[in-house]
Amino acid sequence: MVRAFRVYDTLSREVRAFVPRESPRVGLFVCGLTPYAEAHIGHGRTAITFDVVARALRRWGYHVFYVQNVTNLDDRLIARGQAEGRDPLELAEFHFQGWLRGMDQLDARAVNLYPFATDYMPEIIAQVSTLIDRGFAYAVEGDVYYEVAKFPDYGQLSGQRLEALRPGARVEMDPKKRAPEDFALWKAAKPGEPAWASPWGPGRPGWHIEDTAITGRLLGDQYDIHGGGEDLKFPHHEAEIAQAEGASGKKPLVNYWMHGGMLQMHGEKMAKSVGNVSGLEGALRRYGPEVLRFYYLNANYRSPLNYEEGKSLEEAREGYATLAQPYRRLREELLRGGLTRPGRELPPEIAKTATELPLRLDEILAEDFQTREAIAALYGWGRMLNEWSAKLEGLSGAALVTLGTPYRWAAEVLGLFPERTSAKAPVEFSALVQVAIEARGRARNRGDFGEADRIRQSLLQAGIVLEDQGTETRWQWKRDGVA
RNA sequence: GCCAAGGUGGCAGAAUGGUUAAUGCGACGGACUGCAGAUCCGUUUCCUGGGGGUUCGAUUCCCUCCCUUGGCUCCA
Numbered sequence: 011m012v013r014a015f016r017v018y019d020t021l022s023r024e025v026r027a028f029v030p031r032e033s034p035r036v037g038l039f040v041c042g043l044t045p046y047a048e049a050h051i052g053h054g055r056t057a058i059t060f061d062v063v064a065r066a067l068r069r070w071g072y073h074v075f076y077v078q079n080v081t082n083l084d085d086r087l088i089a090r091g092q093a094e095g096r097d098p099l100e101l102a103e104f105h106f107q108g109w110l111r112g113m114d115q116l117d118a119r120a121v122n123l124y125p126f127a128t129d130y131m132p133e134i135i136a137q138v139s140t141l142i143d144r145g146f147a148y149a150v151e152g153d154v155y156y157e158v159a160k161f162p163d164y165g166q167l168s169g170q171r172l173e174a175l176r177p178g179a180r181v182e183m184d185p186k187k188r189a190p191e192d193f194a195l196w197k198a199a200k201p202g203e204p205a206w207a208s209p210w211g212p213g214r215p216g217w218h219i220e221d222t223a224i225t226g227r228l229l230g231d232q233y234d235i236h237g238g239g240e241d242l243k244f245p246h247h248e249a250e251i252a253q254a255e256g257a258s259g260k261k262p263l264v265n266y267w268m269h270g271g272m273l274q275m276h277g278e279k280m281a282k283s284v285g286n287v288s289g290l291e292g293a294l295r296r297y298g299p300e301v302l303r304f305y306y307l308n309a310n311y312r313s314p315l316n317y318e319e320g321k322s323l324e325e326a327r328e329g330y331a332t333l334a335q336p337y338r339r340l341r342e343e344l345l346r347g348g349l350t351r352p353g354r355e356l357p358p359e360i361a362k363t364a365t366e367l368p369l370r371l372d373e374i375l376a377e378d379f380q381t382r383e384a385i386a387a388l389y390g391w392g393r394m395l396n397e398w399s400a401k402l403e404g405l406s407g408a409a410l411v412t413l414g415t416p417y418r419w420a421a422e423v424l425g426l427f428p429e430r431t432s433a434k435a436p437v438e439f440s441a442l443v444q445v446a447i448e449a450r451g452r453a454r455n456r457g458d459f460g461e462a463d464r465i466r467q468s469l470l471q472a473g474i475v476l477e478d479q480g481t482e483t484r485w486q487w488k489r490d491g492v493a
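When we follow the working numbering, the leftmost residue of the first sequence carries the number 11, and every step to the right adds one.
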């Protein structure tokens, strides 16, 4: 059985119950990036948004096939390649590998397939041919254009009316086009550019056609969810609808359009063209993947999110540290004696809350993926655990595991609180730290606080933080975004 | 100019036709501590952009104005 959920659909502009075309299968396509430069944290936001969507759907029993395309050839790649003296396809591959590393660090592994545009040339050429045959497109001097006037639904997604697209002020009229709003499906090759043979002569695909050629092949003429950044609504997604529905004769192309809000830098969209980008790699290096995920998910995915360099992620780090702290305690406690350790059991009402909270979290997410609401609920649980922290010591391993249930939900769906086995200190190392702690303890006991503080300071420089709790001193790794 | 989404506390950012409008960050005070950290308690708290309307009652519905952001063929 799959869980029911609701999602905001941009086309109908309302939150609608999700009905898959062929339950439990769900086709999910998200517009990926054009890797002509290093990805920035705005790209990361969209990726994490749909990573959580896919994670949630899978948890709820859907069989999600998640495709994210890669535009590995376009004007910018060609221009950039020429500027750097590199082959554009090789340049795209290079930056795409960087993107994959970022996704890997972020634990965003929900994508099943990253198809490259240039690997779908037969599909692209076939779809362009079909559009010409069906009267939606026309060829001129090696170019092929989509004739927007032939597709009456054009503009429904973005609410644009065709007349509004004709002011001409911003649209340069290409004499080869029949109308200014017509867009290129195929572009004749210019000297020195990568080109593929086609019925219209050597050339390369326009930007919009790759997506519908890819989805037609991988997801069929119609599928469930199409996602992407809000900035792609027009013209890109509008064009996709016109191409796919024009070529297949079936509508709608997709049942649900999901658009993620922009990440803004000081009130303006972060974009390479604006020049206000903050790199994903740098943010990951400085704050770690969890803080970044937390930052993204601690907002409504549809709302713009204002990013301030030197502030936003610092705040996220603090917020995440507070959120993660109770779970840290819990896991620390579990390490003493392990899962099977004997001890007291939980009062029934606490155990009930712990096991029911994940169901409530599912409910929250099932209402248009309100990750922020889910996080608020986790804060509430953390507060309860903190009030309880003194009593944790006598609890059985099973009881501790139960208390951690909501956090494991978050690990599965939100990708927070990962088990980091790699960071676990070896036994020998822990023993060394313990020696230092004991030395400091003796210094404290004889009132030599200068010496005690020196030891604490030295450990801090090694990245180890000491916390005194009653007569006990505990240690943990300094949090630099890594819980 | 046109299309779309928004305007809530110092900041980020929820929610609802009707009790004290979440949650987090920050700040201040207190408890605990040799100090610090973590935690707990308290304070900081706004009649929800301006105006008009509907209603017994609106932040939530309608109209209008102002402002912000995105889009108007580079864009996650």
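Even for Gly, the Cβ is constructed at its ideal location relative to N, Cα and C.
For clarity, every value in this text was computed on a predicted model and none was experimentally measured.
{"Query": "Between F126 and G169, what straight-line distance do the alpha-carbon atoms span, to the nearest angstrom?", "Result": "30 Å"}
{"Query": "Give the single residue among D184, Q479, E32 whose Cα lies nearest to the Cα of A400.", "Result": "Q479"}
{"Query": "Three or more beta-carbon pairs under 8 Å between the segment 235 to 243 and the segment 37 to 48, yes or no?", "Result": "yes"}
{"Query": "By alpha-carbon positions, which one of F161, M280, D231 ends up nearest to A49?", "Result": "M280"}
{"Query": "Which runs of the beta strand (DSSP E), 3 residues or longer, sit entirely within the segment 141 to 202?", "Result": "147 to 150, 153 to 156, 193 to 198"}
{"Query": "Out of V411, I251, A89, E366, which has the shortest C-alpha to C-alpha gap to P146?", "Result": "Here residue 146 turns out to be Phe, not Pro, going by the sequence shown. Among V411, I251, A89, E366, the Cα nearest to that of F146 belongs to I251."}
{"Query": "Starting from the C-beta of N265, find all residues in its chain whose C-beta is less than 6 Å away, skip the five residues before and the five after it, and write them out in chain order.", "Result": "D234"}
{"Query": "For A257 versus R188, is the C-beta spacing smaller than 9 Å?", "Result": "no"}
{"Query": "Under 7 Å Cβ to Cβ from Q78, same chain only, skipping five residues before and after it: list those, please.", "Result": "V40, G42, V121, Y124"}
{"Query": "Does the structure place the segment 61 to 81 close enough to the segment 406 to 424 that three or more beta carbon pairs sit under 8 Å?", "Result": "yes"}
{"Query": "What are the boundary residues of the beta strand (DSSP E) that includes L273?", "Result": "273 to 275"}
{"Query": "With DSSP run on the structure shown, which of helix, strand or coil describes T225?", "Result": "helix"}
{"Query": "Assign R180 to buried or exposed, taking buried as 16 or more other Cβ atoms, counted over all protein chains shown, within 10 Å of its Cβ.", "Result": "At R180 the pLDDT is 46, less than 50, meaning the model places this residue with poor confidence; the figure from the coordinates comes in the next sentence. Under this definition R180 is an exposed residue."}
{"Query": "Of all the beta strand (DSSP E) runs that stay within the bounds of the segment 16 to 90, which reach a length of 3 or more residues?", "Result": "16 to 19, 24 to 27, 35 to 40, 73 to 78"}
{"Query": "Could you tell me the distance, in whole angstroms, from the CA atom of L410 to the CA atom of E366?", "Result": "15 Å"}
{"Query": "For the beta strand (DSSP E) that G239 lies in, which residues bound it at each end?", "Result": "233 to 239"}
{"Query": "Which word fits E397, buried or exposed, when buried means at least 16 other C-beta atoms lie within 10 angstroms of its C-beta?", "Result": "exposed"}
{"Query": "Output the boundary residues of the alpha helix (DSSP H) element that contains R464.", "Result": "459 to 471"}
{"Query": "Quick check on this structure: which residue in L388, E300, L229, P215 has the alpha carbon closest to the alpha carbon of E203?", "Result": "P215"}
{"Query": "Answer yes if the segment 98 to 109 comes into contact with the segment 75 to 90, meaning at least three C-beta pairs across the two stretches below 8 Å, and no otherwise.", "Result": "yes"}
{"Query": "For R227, collect the residues of the same chain with a Cβ closer than 8 Å to its Cβ; drop the 5 residues on either side in sequence, then sort them by chain order.", "Result": "Y130, E133"}
{"Query": "Below 8 Å CB to CB, which residues in the same chain sit around G329 once its five sequence neighbours on both sides are set aside?", "Result": "F304, N308"}
{"Query": "With T483 as the anchor, note down where its beta strand (DSSP E) starts and where it stops.", "Result": "482 to 487"}
{"Query": "Where does the unbroken alpha helix (DSSP H) through R382 begin, and where does it stop?", "Result": "381 to 398"}
{"Query": "What does the alpha-carbon distance come out to for the pair R450 and I465?", "Result": "6 Å"}
{"Query": "Run through the DSSP bridge pairs and tell me what Q479 is partnered with.", "Result": "E482"}
{"Query": "Can you check whether the CB of T59 is closer than 9 Å to the CB of W267?", "Result": "no"}
{"Query": "Could you work out which residue in V36, A27, G112 is closest to P45 when comparing CA atoms only?", "Result": "G112"}
{"Query": "Under three-state DSSP, which class holds L315?", "Result": "strand"}
{"Query": "Shortest alpha-carbon distance to G54 belongs to which of G292, T332, W391, S33?", "Result": "G292"}
{"Query": "Output the distance between the C-alpha atoms of P209 and W196, rounded to the nearest integer angstrom.", "Result": "11 Å"}
{"Query": "When the distance is taken between beta carbons, is L141 closer than 9 Å to Y164?", "Result": "no"}
{"Query": "Among E255, S406, W485, V17, which one has its Cα closest to the Cα of Q137?", "Result": "E255"}
{"Query": "Quick one: what does DSSP say N308 is sitting in, helix, strand or coil?", "Result": "coil"}
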